[in-house]
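Residue numbers (this note's numbering): -4 to 390. Worksheet: one structure, shown below.
What follows is the structure, given as structure tokens:
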């Protein structure tokens, strides 16, 4: 039994040693195979040609130059109006005898345009004139009687009582004549007021009544529009109205046509509804029809440092920010695209005025920025003009 146990132990030892050797051989073989495959793959990779480099993108650039401010062209809506407008009416009511003009007619200053029926006034004036003649005759009789009574009184044949009566009768008649004269003057004035005359040279706008109609006192009969000196009324922000003075020349745009105009007045008060100051400009002859809308174009200078760039140079960034692409030297004689963050101060349909990390002298890519990414190689076009001046909104 003791001899059999050592033999068994030797057999187990040989068996374990054989298993270990086989396992070691398999592991070493697998490692050798993996090493060979890696070397083959690396060799094959090195033998394969790499992709061609991406060609540099051709871009148009312009030199940036910082400016002290920019000019904004603003437009303000207004209306063409006559210099003077008058709604003509009679001071006293009556029946219209005749309206002598029609809408659109041109009238001169002092021209008769309408008349009331004055037959009743004429009759009253005739009555007063007859009454005055009677009073004048009686006064003449009283005057002669007074003269005779004075002669008789000097001879002692007339009493003082009779002389006083004659004198007072004459004074009463003279007062009656004066009263009649005043009544005649009033009738004459009322007859004159029954004629409506143009207060200035104008064109008839509205005719509100016709012949034979009864009109009350103050009821408009005709509207006159002075068309020799048309005006343009517009409301401006107080800061802009403050820059205008009478005599300044500007253009009023109506239906795309410019009409020369001159500032005649700048009202000192503010419109309570709009908070603007009213400016009145006088247009030359040949202006558009009254009540037509137009615009006044004014240039406003805003002083703040920045750069004027084309809208095509802007690219929207994150969180509402904006960027421009600039050409940055790459140290080997070429250029790469770099982004500069900017803040848009003002813009129109062509130009934006910005400020930010852009610097004077930088080459700003003016178009095609959406095709570029940071650090991309770019090639500059030969022509590199300066950026446009900051005239925002000008045509």
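Cβ atoms here follow ideal geometry from the backbone N, Cα and C, with glycine treated the same way.
Neighbour-count burial assignment, residue i, 16 or more Cβ in a 10 Å radius
| i | result |
| --- | --- |
| residue 111 | buried |
| residue 50 | exposed |
| residue 144 | buried |
| residue 365 | exposed |
| residue 316 | exposed |
| residue 272 | buried |
| residue 276 | buried |
| residue 123 | buried |
| residue 358 | buried |
| residue 225 | buried |
| residue 89 | buried |
| residue 168 | buried |
| residue 141 | buried |
| residue 165 | buried |
| residue 87 | exposed |
Straight-line gap, residue i to residue j (C-alpha atoms, nearest Å)
| i | j | result |
| --- | --- | --- |
| residue 370 | residue 61 | 25 Å |
| residue 321 | residue 333 | 5 Å |
| residue 391 | residue 356 | It is not possible to answer for residue 391, since the shown part of the chain is limited to -4 through 390. |
| residue 203 | residue 83 | 10 Å |
| residue 340 | residue 227 | 32 Å |
| residue 213 | residue 160 | 49 Å |
| residue 309 | residue 367 | 12 Å |
| residue 56 | residue 377 | 9 Å |
| residue 103 | residue 78 | 16 Å |
| residue 101 | residue 93 | 17 Å |
| residue 125 | residue 119 | 10 Å |
| residue 43 | residue 331 | Interpretation of residue 43 is limited by its pLDDT of 47, a score under 50 that renders its predicted location unreliable; no figure is taken from the coordinates. |
| residue 374 | residue 52 | 6 Å |
| residue 395 | residue 75 | Any question about residue 395 goes unanswered here, given that the chain covers just -4 to 390. |
| residue 268 | residue 72 | 16 Å |
| residue 270 | residue 231 | 9 Å |
| residue 95 | residue 205 | 10 Å |
| residue 372 | residue 338 | 26 Å |
| residue 127 | residue 176 | 8 Å |
| residue 283 | residue 300 | 41 Å |
| residue 257 | residue 314 | 47 Å |
| residue 292 | residue 54 | 37 Å |
| residue 352 | residue 335 | 6 Å |
| residue 217 | residue 189 | 14 Å |
| residue 265 | residue 240 | 17 Å |
| residue 98 | residue 297 | 49 Å |
| residue 183 | residue 121 | 11 Å |
| residue 137 | residue 162 | 7 Å |
| residue 187 | residue 200 | 24 Å |
Start and end residues, alpha helix (DSSP H) containing residue i
| i | result |
| --- | --- |
| residue 234 | 233 to 236 |
Range of the contiguous beta strand (DSSP E) that encloses residue i
| i | result |
| --- | --- |
| residue 109 | 107 to 111 |
| residue 65 | 62 to 76 |
| residue 375 | 372 to 375 |
| residue 224 | Segment: none, residue 224 is in no beta strand (DSSP E) and carries neither H nor E. |
| residue 84 | 80 to 84 |
| residue 245 | 244 to 249 |
| residue 265 | 252 to 265 |
| residue 93 | 89 to 94 |
| residue 214 | No beta strand (DSSP E) contains residue 214, which DSSP labels as neither H nor E. |
| residue 56 | 56 to 58 |
Requested in this report: Say whether the region 100 to 107 touches the region 252 to 265, bearing in mind that this needs 3 or more beta-carbon pairs closer than 8 Å, one atom from each stretch.
Outcome: no
Query raised in the report: Any contact of the region 216 to 235 with the region 196 to 207, i.e. 3+ C-beta pairs under 8 Å?
Result: Taking a cut-off of 8 Å for Cβ pairs, the region 216 to 235 and the region 196 to 207 touch, as three or more such pairs fall below it.
Requested in this report: Pick out the complete beta strand (DSSP E) segments inside the region 278 to 362, 3 residues or longer, and give them in chain order.
Outcome: 288 to 305, 309 to 311, 317 to 324, 330 to 342, 346 to 351, 358 to 360
Query raised in the report: Does the pairing of the region 295 to 305 with the region 342 to 353 give three or more beta-carbon distances under 8 Å?
Result: yes
Query raised in the report: Does the pairing of the region 282 to 291 with the region 322 to 329 give three or more beta-carbon distances under 8 Å?
Result: no
Report task. Identify every run of the beta strand (DSSP E) within the region 130 to 210, keeping only runs that are complete inside it and at least 3 residues long; order them along the chain. Result -> Taken in chain order, the complete beta strand (DSSP E) segments of 3 residues or longer contained in the region 130 to 210 are 190 to 192, 197 to 202.
Query raised in the report: Between the region 164 to 176 and the region 130 to 147, are three or more C-beta pairs nearer than 8 Å?
Result: yes
Requested in this report: Specify whether the region 261 to 281 and the region 236 to 243 touch according to this definition: at least 3 beta carbon pairs, one from each stretch, less than 8 Å apart.
Outcome: The region 261 to 281, when compared against the region 236 to 243, does touch it at the 8 Å Cβ threshold.
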